[in-house]
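Residue numbers (this note's numbering), protein chains in the order written: chain A, 3 to 421; chain B, -13 to 108. Glycine included, C-beta positions come from ideal geometry on N, C-alpha and C. All of these numbers come straight from a predicted model, not from anything done at the bench. Worksheet for the structure shown next.
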C-alpha cells in the first residue's frame, strides 16, 4: 500500500541533509558555533512537534531554515537589549547596518560554501583536543547524533556529550573567530582538518578496539566529509589526495573481511569484490591531487600507492617497484618509522624478503614503534618467507599479544600456529 | 550505505525543457556538495538497446524499441547516504523538481546496493 513517508523519518533525513548548512549559516550570524547548534536544534524540535500533525512542509529544508532564522532574530534582539551587560556578545550587532532580518537574509543565503568551510575549520581548530575535533566534526558537519558518535567510538554517550559541551566552551572562551583561515595559517589548519577526517576513516577501516575489525559506517561518514571538503576547497591538492586515498581504501572494505568477520589481507582478497565505483572515483580524485608541477603531498602519495593496488587485476600484477618509489618519496616528505615499515613490506615484495627484513631490523628499536603490533607482524611475514619459521612464530605471537583488536589477534595467532 | 534510484517513465520524444534540466542540475550539484551523490547515468532510447532473455534454458535477444513497455528505465543515480529515508528525501526532491515542467508520470525505484558486504547476505 502506498503511504506518505513517516514524519519522524523525513525529519531525520532532512536534518542529516540540512543541519551542517543550517548550523554554519547561524554560526556566521551569531558568531558562536555552540549557540548556532542550539538554535538549529530548536528548529529541529519545532519540526518534531509540528510536522507529524500538520504534515511535512513542501520544502522541509527551507522550513527548518526559516524557523531557525526566527529563533536567531529573537535571540539577537534579546542580546541587543542586554548589550550593556554583555558588551562583547552584542558587538557585531552594533557594527551592522539595517535590520536583523535583512542581515540574516544576507548571511544565510549567500556564501553557503564559505560558511560550511568556516564551520569545518572551527570544528577542527587546534585549540581543541583531537578527540574533541573528531566529535565536533562528526556532530556539526556529519549530522551524527551524540548517540551515533558514542557507538562509533565505543565510548559512553555521556563521554561524547561532555566532550562536545567542553569543546564548544573552549571555542567560545578562546574567542575563535568563525572564519576560513587565510595566508600562511591556512596550510597548518587544513592539515588539522584532513587529519581529523582521516582519523575517523581509519577508526572505521581498521578499528583500534572492539570486536569488529571494520566499521564501514564510520568510513562512509569520513568519505562524505572528504567529498564535501573537496567541493568546498577544490584548489587544495591534498584534499583530493585524501579523498582519493579514502575512496580507494573504501573500495576494498567489504573484501577485507570474511563472512565470519575475519580480516582478509590485501594480497589474499577477492578483487572481484572490490567496489569499482569507488575505485573509479578514487582514481579520478587522484588526478586532481597533483600539485602544479606534478608532485603529490603525503595523502596524494598514499593514494597513489593505493592506486597501484587498485589497478592490478591480480596480486601478482602489482607494480611493487613503483610502490617502493612512492614510499621513498613519502619517507622524504613525512619521515616516520611507520612509513619505513610499509616501505620494508614493499621492498620485500619488489626485491625479496631479505631486503625488506634488513630495513625492518634497522628500525626495530625505534621507540615510536614500541608496542606497535604491525612491527612484529611484518617481521614475522618476512622471516617466514626466508624459511626462519621458529623466529617468525615468535614474532606473530608477540604481535598477537600486542593488538587491541580481537579479530586481528585471532588472525595473528592462526599465522603463528600455521608455521 | 548506497542506494541506486532508477527513474522510470513512459518512453517519449518529449525533451526535458532547459528549465527542468537546470533544476535537476542544481539538485545534482547540491547532492554532490553534500558528498552523497556518487554516480549517475542517463539512458538512451530503447530503440538503440536490446533485451536478452533466458527462459527454459534458451537465450533470446530482442532488439529495441520496447514498444509494448508501459514504462522504461530512463536513468539512474547513486546516493551514498546514512539511511534509507535520506535516499528517499533526495528522490522526493528529484520528483519535486519535475512538478509543472514534466507531463508524464514518473516513478523512482529506490534500491539499496549490496556493496558486497557479507553482513548484507551478498
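- Taking 8 angstroms as the threshold, the shortest C-beta distance from residue 12/B to chain A does not fall below it.
- In terms of beta-carbon proximity, residue 12/A lines the interface with chain B, with at least one pair separated by less than 8 angstroms.
- When C-beta atoms of the segment 39 to 55 of chain B are compared with those of the segment 403 to 419 of chain A, fewer than three pairs fall below 8 angstroms, so the two segments do not count as touching.
- For residue 383/A, no Cβ of chain B is located within less than 8 angstroms of the residue's own Cβ.
- Of all C-beta pairs linking the segment 226 to 235 of chain A to the segment 117 to 124 of chain A, three or more are shorter than 8 angstroms, placing the two stretches in contact.
- A Cβ-Cβ distance of about 6 angstroms is found for the pair residue 90/B and residue -2/B, placing them in contact under the 8 angstroms criterion.
- When the alpha-carbon of residue 385/A is set against those of 367/A, 354/A, 410/A, the nearest one is in 354/A.
- Taken atom to atom, the span from the alpha-carbon of residue 400/A to that of residue 253/A is near 31 angstroms.
- Taking a Cβ-Cβ cut-off of 8 angstroms, the neighbours of residue 16/A in chain B comprise 75, given in sequence order.
- Residue environment: residue 198/A is assigned as buried (16 or more neighbouring CB atoms within 10 Å of its CB, all protein chains considered).
- DSSP places residue 60/B in the uninterrupted beta strand (DSSP E) bounded by 58 to 66.
- As DSSP reads the structure, residue 41/B sits in a beta bridge with 44/B.
- When 51/B, 74/B, 67/B are compared, the shortest CA-CA separation from residue 30/B is found for 51/B.
- The C-beta distance from residue 64/B to residue 26/B rounds to 7 angstroms, short enough to meet the 8 angstroms contact threshold.
- Interface residue (Cβ-Cβ distance to chain A less than 8 angstroms): residue 24/B is classified as such.
- Exposed is the label assigned to residue 403/A, since fewer than 16 other Cβ atoms lie within 10 Å of its Cβ.
- Residue pairing from DSSP places residue 97/B in a beta bridge opposite -10/B.
- Listed along chain A, the residues sitting closer than 8 angstroms to residue 66/B by beta-carbon distance are 222, 225, 226.
- Each residue's CA atom was taken as its position, placing residue 205/A and residue 75/B some 29 angstroms apart.
- The beta carbon of residue 214/A sits closer than 8 angstroms to those of 263, 409, all from its chain and outside the five residues before and after it, given in chain order.
- Cβ neighbours of residue 183/A within its own chain (closer than 7 angstroms, five residues either side excluded): 123, 191.
- With respect to chain A, the C-beta atom of residue 72/B has a partner C-beta closer than 8 angstroms.
- Closest option to residue 54/B, judged by alpha-carbon separation, among 98/B, 20/B, 32/B: 32/B.
- Listed by position along chain B, the residues whose Cβ is nearer than 8 angstroms to that of residue 230/A are 19, 20, 21.
- Between residue 338/A and residue 39/A, the alpha-carbon positions lie close to 39 angstroms from each other.
- Residue contact with chain B for residue 233/A: present (Cβ-Cβ distance below 8 angstroms to some residue of chain B).
- Contact between the segment 212 to 231 of chain A and the segment 241 to 248 of chain A is present: three or more C-beta pairs spanning the two stretches fall below 8 angstroms.
- Shown here, residue 60/A sits in coil according to DSSP, grouped into three states, outside any helix or strand.
- Any Cβ of chain B closer than 8 angstroms to the Cβ of residue 199/A would place that residue at the interface, and such an atom is absent.
- Residue 202/A: member of the alpha helix (DSSP H) spanning 186 to 207, first to last residue.
- When rounded, the separation of the alpha-carbon atoms in residue 176/A and residue 129/A is 8 angstroms.
- DSSP places residue 265/A in the strand class (E or B) of the three-state scheme.
- When Cβ-Cβ separations below 8 angstroms define contact, residue 69/B makes contact with chain A.
- Within the same chain, and ignoring the five residues on either side of residue 21/B in sequence, the residues whose Cβ sits closer than 8 angstroms to its Cβ are 66.
- Comparing alpha-carbon positions, the option among 94/B, 47/B, 84/B lying closest to residue 62/B turns out to be 94/B.
- The beta carbons of residue 349/A and residue 331/A sit about 14 angstroms from each other, so the pair does not count as a contact at 8 angstroms.
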